[in-house]
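In this note's numbering, the protein residues as written are 8 to 137.
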């Protein structure tokens, strides 16, 4: 009789222990997924704030450069070349860079690549134009 009670007690303890371990594991995985999602959202938000701040800095520079150009009598073409060269060399973070498209979709600055001077707004895909 005591053997049956001992086996029953050990079996019950094992079942409770295994169930508890499984529940703890499931809850731990859910918490880990929630934490990972939150960290990812925070990182993307930080990255977005960084980009916004950097772009605002470039816009401030361009406004300052434009005002100095007007006041100094530099030609528009020369002023645009100076600004393009400046922005072409700007970087942020480890691999961030800036590019400029004009209001007609022509690329003005893109790291000195072939795309400069070409339109960026029309791309052809296998299914047509997007």
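C-beta atoms are modelled at their ideal positions from N, C-alpha and C, and glycine is treated no differently.
Computed from a prediction, not measured in an experiment: that's the story for all the values here.
1. Excluding the five sequence neighbours on either side, which residues of its own chain have a C-beta within less than 8 Å of the C-beta of residue 125, listed in chain order?
2. Using the DSSP secondary-structure output, state which residues sit across from residue 114 in a beta bridge.
3. Expressed to the nearest angstrom, what Euclidean distance is found between the alpha-carbon atoms of residue 56 and residue 42?
4. Answer yes or no: do residue 89 and residue 107 have a C-beta to C-beta separation smaller than 8 Å?
5. Residue 117: buried (16+ other C-beta within 10 angstroms of its C-beta) or exposed?
6. Return helix, strand or coil for residue 24, following the three-state DSSP convention.
According to the structure data:
1. The residue you call residue 125 lines up with position 118 of the chain shown. The residues are 113, 114.
2. The residue given as residue 114 occupies position 107 in the chain shown. Bridge partners of residue 114: 108.
3. Within the chain shown, numbered from 1, the residue matching residue 56 stands at position 49. Within the chain shown, numbered from 1, the residue matching residue 42 stands at position 35. One Cα belongs to residue 56, the other to residue 42, and the distance between them is close to 21 Å.
4. Position 82 of the chain shown, counted from the first residue, corresponds to residue 89. Position 100 of the chain shown, counted from the first residue, corresponds to residue 107. Taking 8 Å as the Cβ cut-off, residue 89 and residue 107 do not qualify as a contacting pair.
5. The sequence position of residue 117 within the chain shown is 110, counting from 1. When all chains shown are included, residue 117 counts as buried.
6. Against the chain shown, residue 24 aligns to sequence position 17. Helix at residue 24.
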